[in-house]
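Residue numbers (our numbering), protein chains in the order written: chain L, 1 to 365; chain D, 366 to 449.
Glycine included, each C-beta is placed from N, C-alpha and C at the ideal position.
These notes concern the structure reproduced below.
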C-alpha cells in the first residue's frame, strides 16, 4: 500500500487512452488495457468505464523521454512505465515508455502485464517484495491467457477497497517458499548440474555452488512453455531435457526449446489410454528412462527409441513402495521418488528404498 | 591519460548503481562528501535496502547478482518512499 494510503473515494472509475503506440494494432491495445482493468475489477467492488473524449480518472498515454512530469523515460528497456497514485489531475494516470517494444504476446514487453502492474499503482498499491506478485518491481512475462492475479496482490488491493461483490471470493496463486514444509513438486529434473524443481508457474533452481535457491517463473527462461509441468527428465548423454504436460512433451537442448515441439507422448510409444505422465527419470548407468503413470511405471530404451516390452508394471513390484510418484530424478546413482511432502531414496543396485526424507531436504533450510 | 578500461568500467558501474538507487531507493542526489556522517556511506545503506527488498544477499556491495537484478527491465515507480 502506498504511503499515506491514497485511494479513490468512489468505486466507479473512468479511463481514457490518450494515444496509441504504432507498434501494436489499436484493437490489441484496447484489448490489453481492458483486460488489465478487469484484473482489478474481478477482485474488488471497483468498476472501470472507458471514455473517449473527456477527462477520465485514469488517463493512459505513451510518452517519450522527458514528458514534463519530473520523471523522464530512459529509452528502450530499463524503466518501462510508471503511474501516479490516486488523486485529481495527474493522479491515477499511467505513462508508457513509447520506446519499448510493446506487444500482445511474449516478445518484447507485454502491454497487458505492464498495464495491470501500473494500474496497481493507479489504485494505490506500491511495490511488493513477493517475487511472484504482479506488483513486484521487475518485468516478467506470463501468458495473458494463463494470467491469475496472485494472492499477494489480491490481499493488497482488498485491504484498500474491500472484497469483491462476487458470491465466490476470488483467490490467487501463492509463490512457493523453498523452506515451506508443505511444499510439494509437480516435476523435477537435473539440468547441466543443477536441479530444477517445477511448481505451478515457477521453477526453483538448486545450483551446487549457490547457497540461495533461486525462484523464477518458468516463462522467464521458456516463454512458450506452459505452467504446470507434470514430468521432466534429463538425458545427459544427449544434453537434452524432456518436459511433459498432459499428452504433450517438449525437448530442451541445453537451455533452448528444440523447434518442432511439443509432440504427443504417443510418439514415445505410450498407448492412447495414457493421458499424462506423472514423473520420469533417466537411469544414467543403463540409459533407460523410467516413466510413472498412476500406479505403474514404463521403461523406455533411449538407444532403440522405443518402450521396452513387458511394461507397464506396478511401481511396488520394482521400487518396493506402493505410491504414486509426483516427481523423480537421479543423482549420484540414487533415484529420488517424490510423493507429496515425502521423498524416497531408491538404490537401483540394492533394488530397495534406503532412506525417506522431506521433499524440501534439497534446499538448505 | 586515458582511463584504464577496468577503472572506466568500474566508474560506469558505480554511476549505474547510483542512478538506480536515486531513482528507486531515494538516494539523495546531492550527497556531498562533507555532508557524510561518521556512519556508513549512504550508497551502501541504500544498496543494502535494495538487496533486502529483492531477497538478495545483503552485502552493501554491487555484487554480480545485485547488478543482474538492477539491469532487469522494471517499473519506474520507486520501491520505497512515496512517489509524488
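Exercise for the section: Name the residue from L:156, L:201, L:284 and L:297 whose alpha carbon lies nearest to the alpha carbon of residue 5 (chain L). Expected result: The sequence position of residue 5 (chain L) within the first chain is 5, counting from 1. With distances taken between Cα atoms, residue 5 (chain L) lies closest to L:156.
Practice task
Within 10 angstroms of the Cβ of residue 15 (chain L), are there 16 or more other Cβ atoms? Answer buried if so, exposed if not.
Solution key: On the first chain, residue 15 (chain L) is found 15 positions in, with the first residue counted as 1. Buried.
Practice task
Check whether the Cβ of residue 433 (chain D) sits closer than 6 Å to any heavy atom of the ligand COA, and report yes or no.
Solution key: Only the bare structure without any ligand can be found here, which leaves the ligand COA out of the picture.
Handout entry: Reference residue 175 (chain L), options L:151, L:160 and L:196, closest by Cα
Key = As a position in the first chain, residue 175 (chain L) is number 175, starting the count at 1. Among L:151, L:160 and L:196, the Cα nearest to that of residue 175 (chain L) is on L:151.
Practice task
For residue 91 (chain L), go through chain D and note every residue whose CB falls closer than 7 Å to its CB, in chain order.
Solution key: Walking along the first chain from the start, residue 91 (chain L) turns up at place 91. Under the 7 Å cutoff, chain D gives no residues; its nearest Cβ is about 10 Å from residue 91 (chain L).
Exercise for the section: Have a look at residue 80 (chain L) and residue 33 (chain L) and give me their C-alpha separation to the nearest angstrom. Expected result: Numbered from its first residue, the first chain carries residue 80 (chain L) at position 80. Numbered from its first residue, the first chain carries residue 33 (chain L) at position 33. Whole-angstrom Cα-Cα distance: 15 Å.
Problem - Given 8 Å, three or more beta-carbon pairs between the stretch 78 to 92 of chain L and the stretch 38 to 45 of chain L - result: no
Exercise for the section: State the Cα-Cα distance for the pair residue 112 (chain L) and residue 69 (chain L), rounded to the nearest angstrom. Expected result: Here residue 112 (chain L) refers to the residue found at position 112 of the first chain. Here residue 69 (chain L) refers to the residue found at position 69 of the first chain. Roughly 23 Å between the two C-alpha positions.
Problem - Continuous beta strand (DSSP E) stretch holding residue 241 (chain L): start and end - result: On the first chain, position 241 is the one that residue 241 (chain L) refers to. Residue 241 (chain L) -> beta strand (DSSP E) spans 240 to 245.
Exercise for the section: Answer yes or no: does any C-beta atom of chain D fall closer than 7 Å to that of residue 367 (chain L)? Expected result: Outside the modelled stretch of chain L, which goes from 1 to 365, sits residue 367 (chain L), for which no answer is possible.
Practice task
Check the Cβ-Cβ distances between residue 129 (chain L) and every residue of chain D, and say whether any is below 7 Å.
Solution key: For the purposes of this step, residue 129 (chain L) is identified with residue 129 of the first chain, where counting begins at 1. Yes, because at least one Cβ of chain D sits closer than 7 Å to the Cβ of residue 129 (chain L).
Exercise for the section: Determine the extent of the alpha helix (DSSP H) in which residue 221 (chain L) is found, giving its start and end residues. Expected result: In the first chain, the residue the question calls residue 221 (chain L) occupies position 221. Start and end: 218 to 221.
Exercise for the section: With 7 Å as the threshold, decide whether the Cβ of residue 80 (chain L) is near any Cβ in chain D. Expected result: Position 80 of the first chain holds residue 80 (chain L). Interface residue, yes.
Practice task
Under 6 Å Cβ to Cβ from residue 30 (chain L), same chain only, skipping five residues before and after it: list those, please.
Solution key: Taking the first chain and counting its residues from 1, the one referred to as residue 30 (chain L) is at position 30. Hits under 6 Å: none found.
Practice task
Determine the direct distance from the alpha carbon of residue 264 (chain L) to that of residue 328 (chain L), and round the result to whole angstroms.
Solution key: In the first chain, residue 328 (chain L) corresponds to position 328, counting from 1. In the first chain, residue 264 (chain L) corresponds to position 264, counting from 1. Their backbone Cα atoms lie some 21 Å apart in a straight line.
Handout entry: Span separating the alpha-carbon of residue 201 (chain L) from that of residue 252 (chain L)
Key = Counting from 1 along the first chain, the entry for residue 201 (chain L) is found at position 201. Counting from 1 along the first chain, the entry for residue 252 (chain L) is found at position 252. Between residue 201 (chain L) and residue 252 (chain L), the C-alpha separation is close to 18 Å.
Problem - Same chain, Cβ closer than 6 Å to residue 172 (chain L), neighbours up to 5 away in sequence not counted - result: Mapped onto the first chain, residue 172 (chain L) falls at position 172. Only 148, 149, 150, 151 and 154 meet the Cβ criterion.
Exercise for the section: Say whether chain D places a C-beta atom closer than 7 Å to the C-beta of residue 77 (chain L). Expected result: Within the first chain, the letter at position 77 stands for residue 77 (chain L). For residue 77 (chain L), the answer is yes, since a Cβ of chain D falls inside 7 Å of its Cβ.
Exercise for the section: Could you pull the start and end residues of the beta strand (DSSP E) that residue 330 (chain L) belongs to? Expected result: To locate residue 330 (chain L), count along the first chain from 1; it is residue 330. First-last of the beta strand (DSSP E) with residue 330 (chain L): 327 to 331.
Practice task
Can you have a look at residue 325 (chain L) and say buried or exposed, based on whether 16 or more other CB atoms are within 10 angstroms of its CB?
Solution key: Walking along the first chain from the start, residue 325 (chain L) turns up at place 325. So residue 325 (chain L) counts as buried.
Problem - residue 292 (chain L) and residue 278 (chain L) closer than 7 Å at C-beta - result: What you label residue 292 (chain L) is simply residue 292 of the first chain in a count that begins at 1. What you label residue 278 (chain L) is simply residue 278 of the first chain in a count that begins at 1. Taking 7 Å as the Cβ cut-off, residue 292 (chain L) and residue 278 (chain L) qualify as a contacting pair.
Problem - residue 106 (chain L) versus residue 221 (chain L) - alpha carbon distance - result: What you label residue 106 (chain L) is simply residue 106 of the first chain in a count that begins at 1. What you label residue 221 (chain L) is simply residue 221 of the first chain in a count that begins at 1. Answer to the nearest angstrom: the Cα atoms are 11 Å apart.
Practice task
Output, in chain order, the set of chain D residues within a Cβ distance shorter than 7 Å of residue 121 (chain L).
Solution key: As a first step, residue 121 (chain L) is located in the first chain; it is residue number 121 there, counting from the start. Those are 442, listed as they occur along chain D.
Exercise for the section: List the residues that DSSP assigns as beta-bridge partners of residue 339 (chain L). Expected result: Counting from one through the first chain, the residue named residue 339 (chain L) turns up at place 339. Answer is L:342, bridged to residue 339 (chain L).
Practice task
Measure from the C-beta of residue 377 (chain D) to each C-beta in chain L and report whether the shortest distance is under 7 Å.
Solution key: Translated into the one-based positions of the second chain, residue 377 (chain D) becomes position 12. No, no contact with chain L.
Exercise for the section: On a CA-only basis, which of L:158, L:232, L:18 and L:161 is nearest residue 94 (chain L)? Give me that one, please. Expected result: Along the first chain, read from residue 1 onward, the residue named residue 94 (chain L) stands at position 94. Residue L:18 is the option with its Cα nearest to residue 94 (chain L).
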